Amino acid sequence: MSTTNRLLVLAVLWAAGQASSFAQDANVKIRGGCEIIAVRSGPSHIDYSFCDKLPPIEYKTYGWLVPVLSLAFDNAERVSCGSLRCAVLDRTVDLVVTANAFGNAGVSWNTPRVADSDRMVFFFTTGIADLIQASTTGYMFDTQDRINGLHAWLREIDRRANSDCEFRVPAPFRPLNADETKIVFQTALVMYQFILGHEFAHVALGSDCGVASGGALAQETACDRFAFDRHWKAQAIAPQLVIIPTVAMAHYDSLLDERWGTYFFAESGKTLKEALPAADWITRGKNILRWWRGECQASTGANHPACQPLMQGLYSEVANYLDLDVPRACHDTESSRSKEWQPAGSMEGLFCSRVTAIMGDHGTAYSKFRGKEKRAGSSTRYELQPAPPGTDFCNITVRDGKASTFCAFPDTSSRVDTIQQFLTLTRQVSTCLPGYEQTKSGDGLDAETVFRGSMGSLSLSMSETGQDSYTSFRIDPPK
Ligand SMILES: [Zn+2]
Numbered sequence: 030m031s032t033t034n035r036l037l038v039l040a041v042l043w044a045a046g047q048a049s050s051f052a053q054d055a056n057v058k059i060r061g062g063c064e065i066i067a068v069r070s071g072p073s074h075i076d077y078s079f080c081d082k083l084p085p086i087e088y089k090t091y092g093w094l095v096p097v098l099s100l101a102f103d104n105a106e107r108v109s110c111g112s113l114r115c116a117v118l119d120r121t122v123d124l125v126v127t128a129n130a131f132g133n134a135g136v137s138w139n140t141p142r143v144a145d146s147d148r149m150v151f152f153f154t155t156g157i158a159d160l161i162q163a164s165t166t167g168y169m170f171d172t173q174d175r176i177n178g179l180h181a182w183l184r185e186i187d188r189r190a191n192s193d194c195e196f197r198v199p200a201p202f203r204p205l206n207a208d209e210t211k212i213v214f215q216t217a218l219v220m221y222q223f224i225l226g227h228e229f230a231h232v233a234l235g236s237d238c239g240v241a242s243g244g245a246l247a248q249e250t251a252c253d254r255f256a257f258d259r260h261w262k263a264q265a266i267a268p269q270l271v272i273i274p275t276v277a278m279a280h281y282d283s284l285l286d287e288r289w290g291t292y293f294f295a296e297s298g299k300t301l302k303e304a305l306p307a308a309d310w311i312t313r314g315k316n317i318l319r320w321w322r323g324e325c326q327a328s329t330g331a332n333h334p335a336c337q338p339l340m341q342g343l344y345s346e347v348a349n350y351l352d353l354d355v356p357r358a359c360h361d362t363e364s365s366r367s368k369e370w371q372p373a374g375s376m377e378g379l380f381c382s383r384v385t386a387i388m389g390d391h392g393t394a395y396s397k398f399r400g401k402e403k404r405a406g407s408s409t410r411y412e413l414q415p416a417p418p419g420t421d422f423c424n425i426t427v428r429d430g431k432a433s434t435f436c437a438f439p440d441t442s443s444r445v446d447t448i449q450q451f452l453t454l455t456r457q458v459s460t461c462l463p464g465y466e467q468t469k470s471g472d473g474l475d476a477e478t479v480f481r482g483s484m485g486s487l488s489l490s491m492s493e494t495g496q497d498s499y500t501s502f503r504i505d506p507p508k
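Position in the sequence shown (first residue = 1) + 29 = this note's numbering.
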C-alpha cells in the first residue's frame with residue numbers, strides 16, 4: 030500500500046470524530062528523572078522523592094510529550110467510561126514521564142484496593158515514547174523504502190543480535206518536514222491513547238484485569254481487550270497504528286531480553302521474557318489483528334471506519350510485520366554497559382559514520398571491520414562488521430594485500446523503487462563525503478555515481494537479477 034493510501038485511510042478515521050486539538054493546558058513540573066503532568070488536580074499529595082534518584086529528564090527533550098499525553102489521557106478516560114473523571118473520580122492524578130530506555134507504561138494507586146485510593150499515578154517511559162515515534166514515522170512515510178523505511182529500521186535493531194547490547198536505537202532515516210511531523214503526532218496519538226486505555230482497564234478491572242488465574246499474559250490480554258472494545262465502540266482506533274509500535278517493542282525487547290533481565294531482575298537470574306511473560310508483544314499484536322478482523326467480519330462491522338475496504342488492505346501488511354522473526358538477544362558485557370546510554374543518533378548518521386569509518390581504514394585493508402571469513406581461494410572474503418544500516422550484505426575482498434568493500438541493498442521487484450533508492454543514496458553519500466569529486470554516468474538502471482577523494486572512491490550503481498533489481502556500492506582505497 031502506498032503512502033498516499035495510508036494517509037487516506039487515516040483521513041477516514043479522523044473524519045469519524047477523533048478529538049484533534051492539543052489545546053489542553055497541562056500543569057507540568059520537572060523533578061530529577063520525572064516530568065510530572067498534573068492531569069487531574071485534587072487534595073492529595075504525591076511523594077516524588079524517588080524521582081531524585083532517576084537519571085535526569087530534560088523538558089527541552091521530552092516536553093513535546095506533554096500535550097500529546099494530556100490529550101491521549103483525556104480521550105482514553107472518555108472512551109473507557111464516557112466522560113472526564115468517570116474513572117478517576119475526585120482523586121488527584123498525575124501522569125509521570127520517566128527517563129528510562131525500557132519501553133513501559135503503567136498505573137499505580139496508594140491502597141491495596143483501587144476503590145479505597147485517593148491518588149493515582151499513570152507513568153510512561155521515554156523508551157516507549159521513542160519506539161512509538163520511530164516506528165510510526167517509519168510506517169507512515171518510509172515503509173516501502175527498503176533502505177530507509179520501517180523494514181530497514183527493524184533490521185537495524187535485529188542486526189545487533191549476538192553483539193554488545195545498546196539501549197538506544199537510531200531514529201529512522203530522514204528529517205521530517207512540518208506537515209509530516211504533524212501527521213506523525215496525530216497517528217502516534219492512537220497508540221498513546223490505546224496504552225492509556227489499557228491502564229484505564231486496570232483501574233476498572235484491577236491489577237489482574239479481572240482474571241484470577243491463567244497467568245500474566247492472560248491478565249494483560251484481558252486489559253488489552255477491554256481497551257480495544259471501548260476504543261472500537263467509540264470509533265477511536267486505527268488498529269494498524271497500535272500493531273506497528275507493538276512489533277517494534279517485540280524486536281527491541283527480544284534483542285535486550287538478557288540485558289533487561291540483569292537490569293531489573295538481577296537476583297532472579299531471569300531474562301525479561303522469563304520474568305514478564307506478558308512482554309510477548311507478537312502474541313499481543315496478533316490478538317489486536319484478530320479482534321480487528323473479527324469485528325469487521327461481524328454484521329455490525331460494515332459501517333465502522335476501521336472496516337473500510339482500504340483499511341482491510343492493511344491486514345496482510347501488518348500481518349507480515351507480525352510474522353518477521355524477532356532477534357536473538359544481545360550480549361550484556363562490561364563494555365556494552367559503559368556506552369549503553371550514548372545516543373544512537375539517526376540511521377542516516379549511522380550510515381554515514383560507518384561508510385566513512387570503512388573508508389578511513391583502508392591502510393589496514395579494512396582489518397578492523399572484518400567479520401566471519403566467507404571463502405578462501407585466490408582472494409579471501411570476509412563479512413563486513415558492522416554493515417551500514419539498510420544493506421542486505423557487505424563483503425570485504427582481499428587480494429594481493431589490497432582490499433575493497435562491496436555492499437548490496439535488498440532486491441526490489443520495481444525498477445522505479447530501485448532508482449528511487451539509488452537517488453536517495455546518492456544524496457546521502459554526497460552529504461557524508463563533502464568535497465569529494467562526483468562523476469555521474471548512464472541513466473535508468475544503468476546510472477552510476479562515483480565519489481572520489483582523499484580516502485579513496487565509492488561507486489554507487491544498480492543491477493538486475495531476473496525480475497528484480499537492487500542498488501549496491503563499492504569502496505576502493507586511493508589509487
Ligand atoms: Zn497492564
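For each residue, glycine too, the CB sits at the ideal point set by N, CA and C. Treat the numbers as computed from the prediction; the structure is a model and nothing was measured.
Who are residue 145's beta bridge partners in DSSP?
Indexing the sequence shown from 1 puts residue 145 at position 116. Per DSSP, residue 145 has no beta bridge partner at all.
Whose C-alpha, out of 169, 163 and 473, is nearest the C-alpha of residue 182?
Here residue 182 refers to the residue found at position 153 when the sequence shown is read from its first residue. Of the listed residues, the one whose Cα sits closest to residue 182 is 163.
Within 10 angstroms of its Cβ, does residue 450 collect 16 or more other Cβ (buried), or is it exposed?
For the purposes of this step, residue 450 is identified with residue 421 of the sequence shown, where counting begins at 1. Buried.
Within the same chain, show all residues whose beta-carbon is closer than 7 angstroms to that of residue 214, passing over the 5 residues directly before and after it, in chain order.
Counted from its first residue, the sequence shown places residue 214 at position 185. If we look at residue 214 and ignore the five residues flanking it on each side, its Cβ neighbours are 97.
Counting along the chain, where does the alpha helix (DSSP H) carrying residue 193 start and finish?
Within the sequence shown, residue 193 is the residue found at index 164, counting from 1. Annotation for residue 193: no alpha helix (DSSP H) segment contains it, and DSSP assigns it neither H nor E.
Any chance you could list the residues with Cβ under 6 angstroms from a heavy atom of ligand 1, keeping chain order?
Those satisfying the condition are, in chain order, 227, 231, 249 and 252.
Going by DSSP, which residues form a beta bridge with residue 467?
Locating residue 467 in the sequence shown gives position 438, counting from the first residue. DSSP lists 480 as partners of residue 467.
Report the start-end ranges of each alpha helix (DSSP H) in the stretch 52-122 that is 4 residues or longer and not cut off at the edges.
88-91 and 94-110
Buried or exposed, going by whether 16 or more other CB atoms sit within 10 Å of the CB of residue 321?
As a first step, residue 321 is located in the sequence shown; it is residue number 292 there, counting from the start. Buried.
Taking 8 angstroms as the cut-off, decide whether the C-beta atoms of residue 482 and residue 499 are in contact.
Numbered from 1 along the sequence shown, position 453 holds the residue referred to as residue 482. Numbered from 1 along the sequence shown, position 470 holds the residue referred to as residue 499. For residue 482 and residue 499, no; Cβs fall outside 8 angstroms.
Could you say which of 435, 428, 106 and 406 lies nearest to residue 420 if we only look at CA atoms?
In the sequence shown, the residue the question calls residue 420 occupies position 391. Per the C-alpha coordinates, the member of 435, 428, 106 and 406 positioned closest to residue 420 is 435.
Assigned secondary structure, residue 31 (DSSP; H/G/I helix, E/B strand, else coil)
Here residue 31 refers to the residue found at position 2 when the sequence shown is read from its first residue. Low per-residue confidence applies at residue 31: pLDDT is 39, beneath 50, and the placement is therefore not dependable enough to give any value.
Going by beta carbon distance, what residues of the same chain come within less than 7 angstroms of residue 231, once the five residues before and after it are set aside?
Mapped onto the sequence shown, residue 231 falls at position 202. 136, 238 and 252.
Inter-residue spacing [alpha-carbon to alpha-carbon] between residue 195 and residue 360:
Reading the sequence shown from its first residue, position 166 is the one you call residue 195. Reading the sequence shown from its first residue, position 331 is the one you call residue 360. Whole-angstrom Cα-Cα distance: 9 angstroms.
Between the stretch 84-97 and the stretch 54-66, do at least 3 Cβ pairs fall closer than 8 angstroms?
yes
Hey, is the stretch 100-111 in contact with the stretch 250-264, meaning 3+ C-beta pairs nearer than 8 angstroms?
The stretch 100-111, when compared against the stretch 250-264, does touch it at the 8 angstroms Cβ threshold.
So, with DSSP's three-state summary, where would you put residue 462?
Your numbering for residue 462 matches position 433 in the sequence shown. Three-state DSSP puts residue 462 in coil, outside helix and strand.
Of the choices 116, 491 and 101, whose alpha-carbon is the least far from that of residue 452?
Locating residue 452 in the sequence shown gives position 423, where the first residue counts as 1. Comparing Cα positions, the closest option is 491.
Let me know the secondary structure DSSP gives residue 413 once reduced to three states.
As a working note, residue 413 is residue 384 in the sequence shown. When DSSP states are grouped into helix, strand and coil, residue 413 belongs to the strand group.
Out of 354, 479 and 223, point me to the one whose CA is closest to residue 458's CA.
For this step, residue 458 is matched to residue 429 along the sequence shown. The residue with the shortest Cα to Cα distance from residue 458 is 479.
Can you tell me where the beta strand (DSSP E) with residue 136 in it begins and where it stops?
Indexing the sequence shown from 1 puts residue 136 at position 107. Looking at the DSSP string, the run of the beta strand (DSSP E) that includes residue 136 is 134-138.
Same chain only: Cβ atoms within 6 angstroms of residue 40, ignoring 5 sequence neighbours per side
As a first step, residue 40 must be located in the sequence shown, where it is residue number 11. Residue confidence for residue 40 is low, a pLDDT of 39 falling below 50, so the modelled location carries little weight and cannot support an answer.
Using the three-state DSSP reduction, which class does residue 363 fall into: helix, strand or coil?
Taking the first residue of the sequence shown as position 1, residue 363 is located at position 334. If DSSP states are grouped into helix, strand and coil, residue 363 belongs with the helices.
Under a Cβ-count criterion, where at least 16 other Cβ atoms within 10 Å of its own Cβ denotes burial, should residue 52 be classed as buried or exposed?
Along the sequence shown, read from residue 1 onward, the residue named residue 52 stands at position 23. Low local confidence applies: a pLDDT of 38 at residue 52 is under 50, so the model's placement there is unreliable, and no value is given.
Pick helix, strand or coil for residue 497, following the three-state DSSP scheme.
Sequence index remark: in the sequence shown, residue 497 carries index 468 (1-based). In the structure shown, residue 497 sits in a strand (DSSP, three-state: E or B).
Just checking my contact of residue 225 with residue 294 at CB under 8 angstroms: how many whole Å lie between their CB atoms?
In the sequence shown, residue 225 corresponds to position 196, counting from 1. In the sequence shown, residue 294 corresponds to position 265, counting from 1. No, residue 225 and residue 294 are not in contact; Cβ-Cβ is about 26 angstroms, not under 8 angstroms.
Using the C-alpha atoms, what's the distance from residue 100 back to residue 50?
Indexing the sequence shown from 1 puts residue 50 at position 21. Indexing the sequence shown from 1 puts residue 100 at position 71. With a pLDDT of only 40 at residue 50, under 50, the local geometry of the prediction cannot be trusted, and the value read off the model is given with reservation. Rounded to whole angstroms, residue 50 to residue 100 spans 8 angstroms at the Cα level.
CA-CA distance, residue 82 and residue 149?
Indexing the sequence shown from 1 puts residue 82 at position 53. Indexing the sequence shown from 1 puts residue 149 at position 120. Computed Cα separation, rounded: 21 angstroms.
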